[in-house]
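Engineer:
In the numbering used here, the protein residues as written are 9 to 307.
1) Taking 8 Å as the threshold, find out whether the stretch 121 to 132 comes into contact with the stretch 34 to 53 through three or more Cβ pairs.
2) Measure the C-alpha to C-alpha separation of residue 16 and residue 55 and round it to an integer number of angstroms.
3) Would you say residue 202 and residue 240 are within 8 Å of each other, going by their C-beta atoms?
4) Is the beta carbon of residue 323 sitting closer than 8 Å to the one on residue 256?
5) Suppose the cutoff is 8 Å on Cβ atoms and the five residues either side in sequence are ignored; what does the same chain contact list for residue 43 look like?
6) Taking the Cβ atom as the reference point for each residue, do residue 185 and residue 140 lie within a distance shorter than 8 Å?
7) Give the straight-line distance between the Cα atoms of residue 182 and residue 206, rounded to the nearest whole angstrom.
8) For my contact list, residue 296 and residue 220 are in at a C-beta cut-off of 8 Å; report their separation, rounded to the angstrom.
9) Do you know whose CA, among 264, 263, 259 and 229, lies nearest residue 247's CA?
10) For residue 346, which residues of its own chain have a beta-carbon under 7 Å away from its beta-carbon, when the five flanking residues on both sides are left out?
11) The beta strand (DSSP E) spanning residue 242 covers which residue range?
12) Give the range of the beta strand (DSSP E) segment to which residue 47 is assigned.
13) With DSSP as the reference, label residue 40 as helix, strand or coil.
14) Closer than 7 Å: is that where the CB of residue 288 sits relative to any heavy atom of the ligand HEM?
15) Take residue 2 as the anchor and find which of 282, 277 and 222 has the nearest alpha-carbon.
16) Have a look at the DSSP bridge pairing and note the partners of residue 127.
17) Starting from the C-beta of residue 196, find all residues in its chain whose C-beta is less than 7 Å away, skip the five residues before and the five after it, and write them out in chain order.
18) Within a Cβ cutoff of 6 Å, which residues of the same chain sit near residue 209, ignoring the five residues on either side of it in sequence?
19) With DSSP run on the structure shown, which of helix, strand or coil describes residue 111?
20) Excluding the five sequence neighbours on either side, which residues of its own chain have a C-beta within less than 7 Å of the C-beta of residue 334, listed in chain order?
21) Taking only three categories from DSSP, how would you classify residue 219?
22) I'd like to confirm the pairing. Which residues does DSSP put opposite residue 141 in its beta bridges?
23) Straight-line CA distance for residue 235 to residue 113?
24) For residue 208, name the three-state secondary structure that DSSP assigns.
25) Going by beta-carbon coordinates alone, are residue 391 and residue 169 separated by less than 8 Å?
If you want it as structure tokens, here you go:
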């Protein structure tokens with residue numbers, strides 16, 4: 009809509025997009041930007057939140073936890089549609105948003121947010137769910153203002169922003185409700201680059217093309233290990249990494265790439281990544297030169 013709000017319709021469209029991108033081996037990266045000239049996503053559609061909250065009797069934290077667990081079970085059992093018009097509907101909607109964002113985090117597709125303007129609340133949380141973020145320079149902002157409405161972030165802000173900028177900085181920002189300027193977002197690690205507004209999409213596409221040259225299966229394995237293993241204990245995280253590593257080492261394309269690397273070493277008498285210029289070329293191409301990419305980058 010003209011106000012660039014994130015509502016149920018956008019949530020459903022995003023879920024469909026992520027599912028299709030995940031299943032299509034030809035899709036390596038996705039760039040998402042806002043249709044509003046100065047906003048990426050304004051924030052959640054407040055009516056969606058308010059009406060959803062009004063449909064459910066006030067409950068304490070324990071009761072809310074039970075509702076969230078029930079909504080997750082219903083979503084996994086594909087009962088969300090049947091519950092849409094019931095008091096559980098809002099919780100199911102929230103569960104779907106979280107499921108979609110988590111799917112972005114476990115996908116072999118690299119998601120790049122082209123922040124052509126400001127993003128607050130669920131708009132910021134949507135940006136945090138991307139792998140990379142490019143923000144427009146200027147009088148724009150990004151952050152979590154929910155406390156100013158008497159609520160709190162519900163789309164992942166307390167978790168993803170904390171992982172991006174650190175516990176204390178995230179806590180203070182969310183408690184105050186004050187957003188980051190582009191310069192502050194860049195300095196804190198909340199975004200990866202800040203460029204003039206008319207260059208945002210081009211820069212995001214550049215990053216998408218760069219990271220999209222890498223093996224889709226390896227991208228997925230690395231993202232799962234970092235996003236999910238990184239929040240586990242060290243022992244559990246290392247186990248998650250070992251499992252992902254072994255899956256790639258045992259894969260057909262992983263074996264081919266390593267054999268070719270060894271063959272190139274024998275032929276040239278030097279390790280390819282220590283040959284002048286080869287590392288830079290590898291970074292640009294997504295694989296070590298001389299290695300067959302016919303199948304490797306498609307798995």
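Glycine is no exception: its CB is placed at the ideal position from the N, C-alpha and C atoms.
Structural biologist: Based on what the coordinates show:
1) yes
2) Numbered from its first residue, the chain shown carries residue 16 at position 8. Numbered from its first residue, the chain shown carries residue 55 at position 47. Going by the C-alpha atoms only, they are around 11 Å apart.
3) On the chain shown, position 194 is the one that residue 202 refers to. On the chain shown, position 232 is the one that residue 240 refers to. The answer is no: Cβ separation not under 8 Å.
4) This structure cannot settle anything about residue 323, because the visible part of the chain is limited to 9 through 307.
5) Taking the chain shown and counting its residues from 1, the one referred to as residue 43 is at position 35. Correct list, in chain order: 12.
6) The residue given as residue 185 occupies position 177 in the chain shown. The residue given as residue 140 occupies position 132 in the chain shown. The answer is no: Cβ separation not under 8 Å.
7) Walking along the chain shown from the start, residue 182 turns up at place 174. Walking along the chain shown from the start, residue 206 turns up at place 198. About 29 Å.
8) By one-based count along the chain shown, residue 296 stands at place 288. By one-based count along the chain shown, residue 220 stands at place 212. Residue 296 to residue 220, Cβ: 17 Å. No contact.
9) What you label residue 247 is simply residue 239 of the chain shown in a count that begins at 1. Among 264, 263, 259 and 229, the Cα nearest to that of residue 247 belongs to 229.
10) With the chain covering 9 to 307 only, the question about residue 346 has no answer from this structure.
11) Stepping through the chain shown from its first residue, residue 242 is reached at position 234. For residue 242, there is no enclosing beta strand (DSSP E); the residue is found in the alpha helix (DSSP H) stretching over 242 to 257.
12) As a first step, residue 47 is located in the chain shown; it is residue number 39 there, counting from the start. Its beta strand (DSSP E) spans residues 47 to 49.
13) In the chain shown, residue 40 corresponds to position 32, counting from 1. Correct three-state label for residue 40: strand.
14) The ligand HEM is absent from the structure shown, which contains no ligands of any kind.
15) Residue 2 lies beyond the stretch modelled for the chain, which goes from 9 to 307, so this question has no answer here.
16) Position 119 of the chain shown holds residue 127. BP columns for residue 127 point to 49 and 150.
17) By one-based count along the chain shown, residue 196 stands at place 188. Contacts found: 173, 177 and 188.
18) Translated into positions along the chain shown, residue 209 becomes position 201. Excluding positions up to five away in sequence, the list reads 41 and 122.
19) Here residue 111 corresponds to residue number 103 of the chain shown, with the count starting at 1. Looking at residue 111 - three-state DSSP - the assignment turns out to be helix.
20) There is no way to answer for residue 334, as the model of the chain reaches only from 9 to 307.
21) Here residue 219 is taken as the residue at index 211 of the chain shown, counted from 1. Helix.
22) As a position in the chain shown, residue 141 is number 133, starting the count at 1. Paired residues: 121.
23) Locating residue 235 in the chain shown gives position 227, where the first residue counts as 1. Locating residue 113 in the chain shown gives position 105, where the first residue counts as 1. The alpha-carbon atoms of residue 235 and residue 113 are separated by roughly 7 Å.
24) Against the chain shown, residue 208 aligns to sequence position 200. Of the three classes helix, strand and coil, the one that applies to residue 208 here is helix, per DSSP.
25) In this structure the chain extends from 9 to 307, so residue 391 is not present and cannot be described.
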